[in-house]
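When we follow this note's numbering, the leftmost residue of the sequence shown carries the number 1119, and every step to the right adds one.
We treat Cβ as the ideally placed atom computed from N, Cα and C, and that holds for glycine.
The structure appears below as structure tokens.
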Amino acid sequence: MSDIVIFYGSRVEFNKSIPPQYKTLTELVYENDRDSKNMVIQISDQPQPKSEPEKIRVENIVVGSDEYAGVREHVIINFNNFLSKFDYDRLYLHNPPLQISNQIKRLFPETEVHNQEYISLDIDDLKEINSKYDDRIIGQKSAKEKLLQALFPVTLSNRKKPIVILLYGMSGIGKTETAKFISEIIGEPLFRKQFSMYQNSQFANYLFGGAHYEKSFAKDLLDRESNVLLLDEFDKAHPSFHSAFYQLFDEGIYEDQNYYLELKKSIIICTSNYLSLEEIEENLGSPIFYRFDKIIHFKELTSEEKNKIGQKILIESSKQFEMTLSPDVRERLFDSFIYCSNVRQIRNLIQDTFAFNAIVNEIEKE
């Protein structure tokens, strides 16, 4: 009997478990289609060809998660029949859709199933967040304290379900940066979905599952490299889609018509530009509002905090452009920070100033 392994997790981790030499699903489909098109001519009084074509010999078959979308639906529906055309030793499946995994497990009950072990937040990580947060995200000390409270349950060994946090407040004052910071502390790349980009009818298929070849949120979750998830601008999704997240927020389970997965000890961070709890509940609705474990406000920046942010970005930009600004230009910049609403505007103002001065310096050299 052939060895079969189903792996759920990122492509990076999947690649560590596969052999160096193998054939992909795409290659096998091509070979099978090519052989099926060969014409067979029968001549009377001559030995007849075998009724069953000879199986194609393959030592290792490796199927990446992106390959399922590239084959026709009949291959997915009749995957075991497709496999029967090959004589193989080992089969490695990466995040297969339910139609394939159910067939495989039913016919081959000895199938090995491996799940990626993601890095979990621990007490030392919390201590590092506490000590470094104020330097990274300036002006949000109160938000940091609430964040530490919200994250603590993840460090408990008996806690398996995700922590779901909503960060709200004006744009560009540290909400998204907070999610990036947490993922950096843990040491895994952030899983990020920008919900403002999903404003069309295809969003329903993305969330609830469409055809096997269409992109889906469930598949993206399976492919993720991190257990820190950022659903940026969560408020931009239409309320009719919020039901897709009920079970995910409650139990860590997400399921559509093609995929099923469970998140364990994950940190799910949603962001919103609403300015009050009342506004959030009114627009998002009570069913999703009360599923957040913690809702944390990010306050507006004071003039002193804007200057501190500006000073930090000035140092970074000076290194980037390999130049310094004159004292009078720096003074005018600091006078302008008060009119900026957020970090993004301060950064753009400083970057534009450096770029302009760099151009002027080059022109004066001529």
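- Rounded to whole angstroms, the Cβ separation of Ser1344 and Leu1366 is 16 Å, and the two are not in contact under 8 Å.
- Around the beta carbon of Arg1342, a 10 Å sphere encloses 16 or more other beta carbons of the protein chains shown; the residue is thus reported as buried.
- Setting aside the 5 residues that flank it on each side, Gly1182 is surrounded in the same chain by His1212, each with a C-beta closer than 6 Å to its C-beta; the list follows chain order.
- Between the alpha carbons of Leu1269 and Ile1303 lies a gap of roughly 13 Å.
- Counting along the chain, Lys1412 sits inside the beta strand (DSSP E) bounded by residues 1412–1416.
- Counting only the Cα atoms, Glu1373 lies some 25 Å from Leu1143.
- Within the region 1290–1335, the runs of alpha helix (DSSP H) that reach at least 4 residues and sit entirely inside it are, in chain order, 1293–1304, 1320–1326.
- Distance from the CA of Leu1284 to the CA of Asn1401, rounded to the nearest whole angstrom, comes to 14 Å.
- Under the three-pair Cβ rule at 8 Å, the region 1255–1265 counts as touching the region 1420–1430.
- Taking the Cα of Asp1368 as reference, the smallest distance to any Cα among His1356, Gln1375, Ile1386 is reached at Ile1386.
- Each of Val1272, Leu1265, Val1282 was checked against the Cα of Gly1292, and the nearest Cα belongs to Leu1265.
- One Cα belongs to Tyr1126, the other to Ala1322, and the distance between them is close to 24 Å.
- Runs of alpha helix (DSSP H) with 4 or more residues, each lying fully within the region 1207–1249, are found at 1216–1225, listed in chain order.
- For Asp1338, the secondary structure class from DSSP, reduced to helix, strand or coil, is helix.
- For Ile1218, the CB contacts under 8 Å within the same chain, skipping 5 residues up- and downstream, are Tyr1186, Ile1194, Phe1197, Leu1211 in chain order.
- Of the candidates Lys1383, Phe1352, Ile1124, Val1461, the residue whose Cα lies closest to the Cα of Leu1419 is Val1461.
- Of the residues assessed, Lys1337 falls on the buried side of the cut-off, its CB having 16 or more other CB atoms within 10 angstroms.
- Annotation: Ile1174 is outside any alpha helix (DSSP H); the continuous beta strand (DSSP E) that includes it extends over 1174–1181.
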